[in-house]
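S.K.:
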Ligand SMILES: [Ca+2]
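Dropping the structure here:
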């Protein structure tokens, strides 16, 4: 964080410690606008930022909530989504299909969560950190639905940009099927659509089928 | 919208009319990632997109809700914020301090709202359109708080980038004071902070004071 925008510094000239801690957090996580993802915009003009991705997931959750197989609390889902990627400010965006980077990802993200949520007043730090842990653990219906949005959005973008990041060397249909499993767990309807989109992507050459040399499991 | 991504087209190969209408809306409003605002990122590397701005307002509402002077329903505030700028896909971002563009803004935005929300299934089209109208009319506590976020965010960015869009020719302290009025209406605490930030901005030369020639009203 810029040295200028700590709660200590802000409190010195603006007062109100609690509000300054909230501002310090808000102004720190603003950096999500500078973290680039691999996902292309639908017009293919560039890749999206983490902030843009996050907005889209929240909007999708609001529009698609009815498709959750289990009851969800949409307010909790939205709060969870709004902060789910803030750890990438320190840890960076880890490409979903990069096994090497993913190995060290969890540790880097935990350190980031420790630092970033602690900027908030203690009660809110605890609330948002718990929501982030819940998202990561995927053990509640709210977390499962939020995770489904996080998988479904890049799927849509890859499909409607005729492949997008699926053209990365080595990504094949079984990788995508595995990566998209959380969608069907959270929503039968969206799971069916996902299956159909993956099949169509292979059919239309947007996604490489299982490599010939690979044994069929 | 790209001809490929209408509900009619999607229904043809994916079925499920209701879900396809929801997808058509989601994929249409994704264009908020391509609409540029005047507000600089805090690192001053570029201006923000409407999608990024929208995410930040939603996050701010979640963190700052306790400062609302009246009770608010945070879920309604978040839904309202998530869609408050989608009309800019057709109508463009109108600079807050451009009186000429603002004169035709309301009409352009109404046409955009008519087109864009109608992409959704009828019940959701009605729900989100009503939330958009409510935001515009500023007559409920939820709308007042959402509008306060929409004013407070560029204020923060202009202050912490040492002026930002306030350096645009002709913008002076009274313009900014007037523009920021909705903040104090929604939140005494944030209204006080706004007043202090504006005074400091003038003191530090980030914002031009009232022009000498202008009569003091
Ligand atoms: Ca994500």
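Chains as they are written, first to last, in UniProt numbering: chain L, 1 to 217; chain F, 1 to 217.
C-beta atoms are modelled at their ideal positions from N, C-alpha and C, and glycine is treated no differently.
Remember, predicted model here, so these are calculated numbers, not experimental data.
Which same chain residues, not among the five before or five after residue 142(L), have their C-beta less than 8 Å away from its C-beta?
M.R.: Counting from one through the first chain, the residue named residue 142(L) turns up at place 142. Excluding residues within five positions, the ones whose Cβ falls inside 8 Å are 72, 73, 76, 77, 80 and 134.
S.K.: Spatial neighbours of residue 88(F) within its chain, please: CB distance less than 6 Å, with the 5 preceding and 5 following residues excluded, ordered by chain position.
M.R.: What you label residue 88(F) is simply residue 88 of the second chain in a count that begins at 1. The answer, listed in chain order, is 35 and 50.
S.K.: Of all the CB atoms in chain L, is at least one closer than 8 Å to the CB of residue 48(F)?
M.R.: Along the second chain, read from residue 1 onward, the residue named residue 48(F) stands at position 48. Contact with chain L is found for residue 48(F), since one of that chain's Cβ atoms lies less than 8 Å from the residue's Cβ.
S.K.: At what residues does the alpha helix (DSSP H) containing residue 39(F) begin and finish?
M.R.: Counting from 1 along the second chain, the entry for residue 39(F) is found at position 39. Residue 39(F) -> not in any alpha helix (DSSP H); beta strand (DSSP E) instead, spanning 36 to 40.
S.K.: Can you name the start and end residues of the alpha helix (DSSP H) that residue 54(F) belongs to?
M.R.: Walking along the second chain from the start, residue 54(F) turns up at place 54. Where residue 54(F) is concerned, the enclosing alpha helix (DSSP H) stretches over 50 to 64.
S.K.: How about residue 196(F): is its C-beta nearer than 8 Å to some C-beta of chain L?
M.R.: In the second chain, the residue the question calls residue 196(F) occupies position 196. Taking Cβ atoms only, chain L reaches closer than 8 Å to residue 196(F), which makes this a yes.
S.K.: With residue 47(F) and residue 57(F) assumed to form a contact (beta carbons below 8 Å), what rounded beta-carbon distance in angstroms separates them?
M.R.: Against the second chain, residue 47(F) aligns to sequence position 47. Against the second chain, residue 57(F) aligns to sequence position 57. So it is not a contact: roughly 16 Å between Cβ atoms.
S.K.: Would residue 167(F) be called buried (16 or more neighbouring beta carbons within 10 Å of its own) or exposed?
M.R.: Working through the second chain from its first residue, we reach residue 167(F) at position 167. Burial call: exposed.
S.K.: With 8 Å set as the bound, which would you pick, yes or no: does the beta-carbon of residue 177(F) sit closer than that to a beta-carbon of chain L?
M.R.: Within the second chain, the letter at position 177 stands for residue 177(F). Residue 177(F) does not count as touching chain L.
S.K.: Using the rule of at least 16 other Cβ atoms within 10 Å of the residue's Cβ for burial, across every protein chain shown, is residue 153(L) buried or exposed?
M.R.: Numbered from 1 along the first chain, position 153 holds the residue referred to as residue 153(L). That one is buried.
S.K.: Going along the chain, which unbroken runs of the alpha helix (DSSP H) with 4 or more residues stay wholly within the region 100 to 157 of chain F?
M.R.: 122 to 137
S.K.: Helix or strand or just coil, what does DSSP make of residue 189(L)?
M.R.: Position 189 of the first chain, counted from the first residue, corresponds to residue 189(L). Three-state result, residue 189(L): helix.
S.K.: Quick check: is the beta carbon of residue 216(F) nearer than 8 Å to any beta carbon in chain L?
M.R.: What you label residue 216(F) is simply residue 216 of the second chain in a count that begins at 1. Only weak support is given to the placement of residue 216(F): the predicted model assigns it a pLDDT of 48, under 50, and the value that follows is read from those uncertain coordinates. Not closer than 8 Å to any Cβ of chain L, the Cβ of residue 216(F) fails to qualify, so no.
S.K.: For residue 182(L), is the classification buried or exposed, using 16 other Cβ atoms within 10 angstroms of its Cβ as the cut-off for buried?
M.R.: Within the first chain, the letter at position 182 stands for residue 182(L). Flag for residue 182(L) reads buried.
S.K.: Do residue 184(L) and residue 222(L) come within 8 Å of each other at the CB atom, strictly closer than that value?
M.R.: Because chain L here runs from 1 to 217, residue 222(L) falls outside it and cannot be looked at.
S.K.: Determine the DSSP secondary structure at residue 6(F), reduced to helix, strand or coil.
M.R.: By one-based count along the second chain, residue 6(F) stands at place 6. Three-state result, residue 6(F): coil.
S.K.: Which residues in chain L have a C-beta closer than 9 Å to the C-beta of residue 56(F)? List them in chain order.
M.R.: What you label residue 56(F) is simply residue 56 of the second chain in a count that begins at 1. Result: 26, 29, 30, 32, 33, 51 and 55.
S.K.: How many Å lie between residue 156(F) and residue 52(F) at the Cα?
M.R.: In the second chain, counting from the first residue as 1, residue 156(F) sits at position 156. In the second chain, counting from the first residue as 1, residue 52(F) sits at position 52. Going by the C-alpha atoms only, they are around 15 Å apart.
S.K.: Determine the burial state of residue 176(F): buried for a count of at least 16 other Cβ atoms within 10 Å of its Cβ, exposed for fewer.
M.R.: Numbered from its first residue, the second chain carries residue 176(F) at position 176. Counting Cβ neighbours within 10 Å, residue 176(F) comes out buried, since at least 16 surround it.
S.K.: DSSP three-state label for residue 87(F), please.
M.R.: Taking the first residue of the second chain as position 1, residue 87(F) is located at position 87. Residue 87(F) carries a coil assignment under DSSP once its states are collapsed to helix, strand and coil.
S.K.: Specify the secondary structure class of residue 171(L) as computed by DSSP and reduced to three states.
M.R.: The residue given as residue 171(L) occupies position 171 in the first chain. Residue state, collapsed to three classes: coil.
S.K.: Under a three-way DSSP split, which group does residue 217(L) fall into?
M.R.: Your numbering for residue 217(L) matches position 217 in the first chain. Here residue 217(L) scores only 47 on pLDDT, less than 50, and its place in the model should not be relied on; the value that follows carries that caveat. Residue state, collapsed to three classes: coil.
S.K.: Under the rule that 16 or more other beta-carbon atoms within 10 Å means buried, what is residue 4(F), buried or exposed?
M.R.: Here the question's residue 4(F) lines up with position 4 in the second chain. Classification for residue 4(F): exposed.
S.K.: Between residue 91(F) and ligand 3, is there a pair consisting of the residue's CB and a ligand heavy atom that are separated by less than 7 Å?
M.R.: No copy of ligand 3 appears in this structure; the ligands present are ligand 1.
S.K.: Mapping DSSP to helix, strand and coil, what is residue 208(F)?
M.R.: On the second chain, position 208 is the one that residue 208(F) refers to. In the structure shown, residue 208(F) sits in a strand (DSSP, three-state: E or B).
S.K.: What separation, rounded to the nearest whole angstrom, lies between the Cα atoms of residue 130(F) and residue 122(F)?
M.R.: Taking the second chain and counting its residues from 1, one reaches residue 130(F) at position 130. Taking the second chain and counting its residues from 1, one reaches residue 122(F) at position 122. Residue 130(F) and residue 122(F): Cα-Cα distance of roughly 12 Å.
S.K.: Quick one: Cα of residue 200(L) to Cα of residue 192(L), how far?
M.R.: Translated into the one-based positions of the first chain, residue 200(L) becomes position 200. Translated into the one-based positions of the first chain, residue 192(L) becomes position 192. Taking the CA atoms as reference points, residue 200(L) sits about 12 Å from residue 192(L).
S.K.: So that I know if they touch, is there some Cβ in chain L lying closer than 8 Å to that of residue 63(F)?
M.R.: Along the second chain, one-based indexing puts residue 63(F) at 63. Taking Cβ atoms only, chain L reaches closer than 8 Å to residue 63(F), which makes this a yes.
S.K.: What residue range does the alpha helix (DSSP H) around residue 18(F) cover?
M.R.: Position 18 of the second chain holds residue 18(F). DSSP places residue 18(F) inside the alpha helix (DSSP H), whose first and last residues are 17 to 29.
S.K.: Identify, in the order they occur along the chain, each residue of the same chain with its Cβ nearer than 7 Å to the Cβ of residue 149(L), setting aside the five sequence neighbours on each side.
M.R.: Numbered from 1 along the first chain, position 149 holds the residue referred to as residue 149(L). 57, 60, 61 and 81, listed in sequence order.
S.K.: Residue 60(F) versus chain L: which residues are under 7 Å apart at the beta carbon?
M.R.: One-based indexing of the second chain puts residue 60(F) at position 60. Result: 26.
S.K.: Whole angstroms are fine: how far does the CA of residue 37(F) sit from the CA of residue 45(F)?
M.R.: Taking the first residue of the second chain as position 1, residue 45(F) is located at position 45. Taking the first residue of the second chain as position 1, residue 37(F) is located at position 37. Going by the C-alpha atoms only, they are around 13 Å apart.
S.K.: In chain L, which residues lie less than 7 Å from residue 116(F) when you measure between Cβ atoms?
M.R.: Along the second chain, one-based indexing puts residue 116(F) at 116. Neighbours of residue 116(F) on chain L: none; closest Cβ ~12 Å, over 7 Å.
S.K.: Taking CB distances under 8 Å as the criterion, tell me whether residue 206(L) reaches chain F.
M.R.: One-based indexing of the first chain puts residue 206(L) at position 206. No, residue 206(L) does not count as interfacial toward chain F.
S.K.: Using a Cβ cut-off of 8 Å (strictly closer), state whether residue 104(F) contacts chain L.
M.R.: The residue given as residue 104(F) occupies position 104 in the second chain. Chain L, which has no Cβ nearer than 8 Å to the Cβ of residue 104(F), makes this no.
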